[in-house]
Amino acid sequence: MIEVYAGKGNSKYKICITDKALPKNELNKVIDKKAKVLIVTDSGLPNAYVRTLKQSIKNSNVYVHIINKGEKAKSFKNYQQILKKLIDLKFSRTDLIVAFGGGVVGDIAGFSAATFLRGIDYIQMPTTLLSQVDSSVGGKTAINVPQGKNLVGAFYNPKLVLISTTYLKTLSEKEYKSGLGEVIKYAFIDNQKLRSLIENNPQKIINRENKILIKIIEESIKTKSKIVTKDEKESGIRAILNFGHTFGHAIEAFTGYKKLSHGAAITLGMVIASKVSFFEGHIKDYQLENIINLINSIGLDSDHSNYKYSALKKYIMNDKKVANGKLNLIMINKNYKAFRTNKFQVNNIKKAFNV
Ligand SMILES: NC(=O)c1ccc[n+]([C@@H]2O[C@H](COP(=O)([O-])OP(=O)(O)OC[C@H]3O[C@@H](n4cnc5c(N)ncnc54)[C@H](O)[C@@H]3O)[C@@H](O)[C@H]2O)c1
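Per the working numbering, the sequence shown starts with residue 3, numbered consecutively.
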């Protein structure tokens, strides 16, 4: 089992990554024997996973709360229902939540833990590739409201993150590829080792082989934890985690969040941001080619020709990365490292959409 740490001081936490089944010992080590436990999960997870997890927790008071699967379930109503359950079951400050599922479950269960009784402990047990490499680490929790996604939330670190690649076998192709999009993002944020791992093992990654999965998850998390530990509340360097997001979010908004998975949209966003970086002179043509080849090598789509600048412009300028009327873009430099800048020619964005 691989161990990585994130957070600092009292809120430092361990991330365990294994290619074996659920590491029961790690789980039971952090749960007080007398604590009540609420497992929050969603209707898309195979029942057997939830049954096994429930049986693995040694405590006598283990409860399960199932929300519907899908982004819509990250709602205020479901949040209220989780709180109601915690109150009905008389949960106290020493009790605990286990978030067992993808990013939707992690975000809503984490936000419930952050706010119930001003904060109780929670464990992240992510079961999608996206949540294993990204959302379970960093302490961002949130729910959606009608006015927008993730508008209500808190920074609140988990007590432990437990990752088993065995869960990934049942993930749909679309969700798996969505997670791979985030892996690519970490490869281009600042991780030469991750880039080489992908370059040298594309077929093993496509085949979901445990041995390679565990390595790419470890590398992605190391990059994320290094950045989020430096900047827990996203006031500086953490912004580079948004590589591909300005254009990716614009594509998601333009398509009504229906056509593409989040990771697929972010992948197209990274391609466009890399092209802007090329036109701005930050990378050479062969480097742009390398980036696109790497994306394609693991079965991800890099073709953004369906999306035109003229149609996406209003979403791009609406992005939360616009500060004082100037758009901050995350670009990539000649060392394949992402960086933030608001110095660029708008014309180069237009050119990037057209090639
Ligand atoms: N907090 C953060 O830092 C952060 C970062 C990125 C994304 N997010 C959030 O994450 C969410 C997306 O997460 P996601 O991509 O994991 O989607 P998701 O949570 O909706 O899960 C995708 C689907 O996979 C199913 N599923 C989960 N595990 C499975 C398994 N092992 N086998 C079969 N099916 C399984 C789920 O039931 C669901 O239908 C978004 O709400 C996004 O805002 C949060």
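Where a beta carbon is used, it is the ideal one built from N, C-alpha and C, also for glycine.
Please state if the CB of residue j and the CB of residue i are separated by a distance shorter than 9 angstroms.
| i | j | result |
| --- | --- | --- |
| I41 | V64 | yes |
| L243 | I191 | yes |
| A46 | G121 | Inspection of the sequence shows that residue 46 is occupied by Gly rather than by Ala. No, the pair does not count as a contact, with Cβ atoms beyond the cut-off. |
| T130 | G105 | yes |
| I165 | L98 | no |
| A241 | I318 | no |
| I293 | M272 | yes |
| D136 | E73 | no |
| T167 | Q134 | yes |
| K87 | D44 | no |
| A275 | F245 | yes |
| T269 | L302 | yes |
Excluding the five sequence neighbours on either side, which residues of its own chain have a C-beta within less than 7 angstroms of the C-beta of residue i, listed in chain order?
| i | result |
| --- | --- |
| K2 | There is no way to answer for residue 2, as the model of the chain reaches only from 3 to 357. |
| I300 | L182, I200, P204, I207 and I208 |
| K171 | R210 |
| K26 | S58 |
Give the DSSP bridge partners of residue i, in chain order.
| i | result |
| --- | --- |
| Y7 | K16 |
| G108 | According to DSSP, G108 bridges with nothing at all. |
| I125 | V100 and L162 |
| A340 | I334 |
Quick one: does the C-beta of residue i sit closer than 8 angstroms to a heavy atom of ligand 1?
| i | result |
| --- | --- |
| D21 | no |
| K71 | yes |
| T143 | yes |
| K328 | no |
| L98 | no |
| L24 | no |
| S222 | no |
| K76 | yes |
| E175 | no |
Output the boundary residues of the alpha helix (DSSP H) element that contains residue i.
| i | result |
| --- | --- |
| L182 | E175 to D192 |
| F281 | H264 to F281 |
| K151 | No alpha helix (DSSP H) holds K151; the beta strand (DSSP E) holding it covers G150 to F157. |
| I293 | D287 to S299 |
| T54 | N49 to S58 |
| N27 | K26 to V32 |
| Y2 | With the chain running from 3 to 357 in the structure shown, residue 2 is simply not present. |
| K315 | Y311 to M319 |
| Q83 | F78 to D90 |
| S304 | Neither: S304 is in no alpha helix (DSSP H) and is coded neither H nor E. |
For the beta strand (DSSP E) containing residue i, name the first residue and the last one.
| i | result |
| --- | --- |
| A252 | Segment H247 to F256 is the alpha helix (DSSP H) holding A252; no beta strand (DSSP E) there. |
| D44 | V39 to D44 |
| K142 | K142 to V147 |
Which residues in the same chain as residue i place their Cβ atom closer than 6 angstroms to its Cβ, once the five residues preceding and following it in sequence are excluded?
| i | result |
| --- | --- |
| Q149 | none |
| Q126 | A101, G108, S138, P160 and V163 |
| N344 | K328 and N330 |
| A116 | T143, A156 and Y158 |
| S263 | K176 and S180 |
Tell me which same chain residues have a C-beta within less than 8 angstroms of the C-beta of residue i, skipping the five on either side of it?
| i | result |
| --- | --- |
| I214 | L199, N203, K206 and I207 |
| H284 | M333, I334, N335 and K336 |
| L196 | V185, Y188, A189, I218, E221, S222 and T225 |
For ligand 2, is there a heavy atom less than 8 angstroms away from the beta-carbon of residue i?
| i | result |
| --- | --- |
| D109 | Looking for ligand 2 in the displayed structure turns up nothing; the ligands present are ligand 1. |
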